[in-house]
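Per the working numbering, residue 30 is the first one in the sequence shown, and the count goes up by one each step. Below you'll find the structure, written out as structure tokens, and then a few comments.
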Amino acid sequence: MMFIQEVFMKIAILSVLSLILMACSDDNKQVGKVQQQSGEVKVARSFDFAQINHGGQLFQKNCAVCHGAEAQGTVNWRQPDAEGKFPPPPLNGTAHTWHHSLKVLKDTIKKGTLRLGGNMPPWQDKLSDKDIEDIIAWIQSKWSDEIYAAWYQRQQQSPAQ
Ligand code: HEC
């Protein structure tokens, strides 16, 4: 009698363990992968709280003055001023920031646009590469899943643009 109960117990434990393992490996397969579901593209996103939190603090300190506390930009960002310079655009996914690869976003933040006749100062002497990556993670946390998925696909196809 004892023996049979033990065998049942072991079978039960083993099935629970294999269910957990299956669930884990399923998750692993999805990270960073694009899933096509009835025409809709989904990308599993990772939200690293420490990174986003750090990036958000740096953004408030250095970038919010121009791009807004929620990265909402200026209302008239499409309208150049008298000198032909554009006001700070939204970075929150409603403008075209998501058209740029991680490389281009980093370069823009590092070098700014003053050298191109724009209004954005360079940050390479004030912020480290890690700081800039953390800020981009915070900016991307403002994007909708759809915008992030569209960015991710472009990133895979043309990582240098
Ligand atoms: C003095 C105002 C100012 C500050 C401060 C500023 N920016 Fe900008 N930023 C701009 C302007 C203006 C543009 C649009 C490009 C242009 O025409 O100069 C821009 C463009 C950008 C772009 C490209 C957006 C796109 O859609 O192509 C990114 C990314 C960006 N800024 C990030 C940042 C980050 C991150 C910080 C803080 C570290 C920052 N900016 C601080 C004014 C500013």
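Idealized CB from N, CA, C, for every residue including glycine.
Apart from the five residues on each side of it in sequence, which residues of its chain come closer than 6 angstroms, Cβ to Cβ, to residue i?
i	result
R183	none
W167	I81, G84, G85 and F88
Does ligand 1 have a heavy atom nearer than 7 angstroms to the CB of residue i?
i	result
A98	no
A124	yes
L156	yes
I81	no
L134	yes
P114	Just to set this straight, residue 114 is Lys in the shown sequence, not Pro. Indeed, a heavy atom of ligand 1 lies less than 7 angstroms from the Cβ.
I138	yes
W172	no
F78	no
N91	yes
P151	no
Check this for me: beta carbons of residue i and residue j, under 8 angstroms apart or not?
i	j	result
P118	W106	yes
D160	L87	yes
I176	G122	yes
Output needed for residue i: all residues of its chain with C-beta closer than 7 angstroms, excluding positions within five of it in sequence on either side, in chain order.
i	result
T142	N148 and M149
Q89	A98
For residue i, which residues from the same chain have a beta carbon less than 8 angstroms from its beta carbon, with the 5 sequence-adjacent residues on both sides left out?
i	result
K171	E99, A100, L120, N121 and G122
A189	S130, K132 and V133
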